[in-house]
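Shown next, in structure tokens, is the structure this report addresses.
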């Protein structure tokens, strides 16, 4: 049998590739797991790969065992109805120190935009932030909250509202929100923006955070933070 025939005959049930150190059929599975923000069911991966769910389930178990045997700093575990990559408990102390130290990474563009929306519209819910940006912001909001830049605040509006923290002010080098730079001339102010969102939102009468609220890409609010370069040096990661 030629080498090409051997390659053509390989399938999801092959063992680890000794030459490369990883199972040959797993790169795309690893890519999906790295992109996922929640546990991924084997059935969802099987659909993406057009493979039987049982074979994908076996492949996930093989990957999990491979990571354990090779001493990786992360593990693949089944929880919450699906598979997810997670750090190992023995590294918790080092990871905690790394997170608290600020990580020396820059905020992503998505994080800057989200932070700008919270800064100018606070108190504001995730749903309203999503409406302004036109995309889901759950992951970015978790990042900003873990960095101490935003936090839950009390509000009369439905849903959990968020606002910026004292660390946010410190990083910008200002003492209060009143010192935030004015919105650029071509952008609507906060009240006008809320009015526009209300006009575009068909369920606004039932509250700004109705489950079917329409998301609208209104403006690129990150442009309003003229002093945001402070974050470039201080660090915080994004999505």
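In my numbering, the protein residues as written are 147 to 385. Where is the CB? At the ideal position from N, CA and C, for every residue including glycine. These numbers come from a predicted model, not from an experiment.
For a cut-off of 8 Å, the C-beta gap from residue 309 to residue 264 is around 7 Å, short enough to register as a contact. Using a C-beta cut-off of 8 Å, the stretch 300 to 309 makes contact with the stretch 270 to 289, since at least three inter-stretch Cβ pairs fall below that distance. Per the C-alpha coordinates, the member of 283, 213, 228, 317 positioned closest to residue 192 is 228. Leaving aside the five residues that flank residue 281 on each side, none in its chain has a CB nearer than 7 Å to its CB.
Across the structure, residue 207 and residue 296 are spaced so that their CA atoms are roughly 38 Å apart. Burial check for residue 216: the Cβ neighbour count within 10 Å stays below 16, so the residue is exposed.
For residue 298, the enclosing beta strand (DSSP E) covers residues 296 to 299. DSSP places residue 221 inside the beta strand (DSSP E), whose first and last residues are 220 to 225.
Exclusion of the five residues before and after residue 202 leaves 188, 191, 192 as the residues of its chain whose Cβ lies within less than 6 Å of its Cβ.
It is roughly 20 Å from the alpha-carbon of residue 252 to the alpha-carbon of residue 181.
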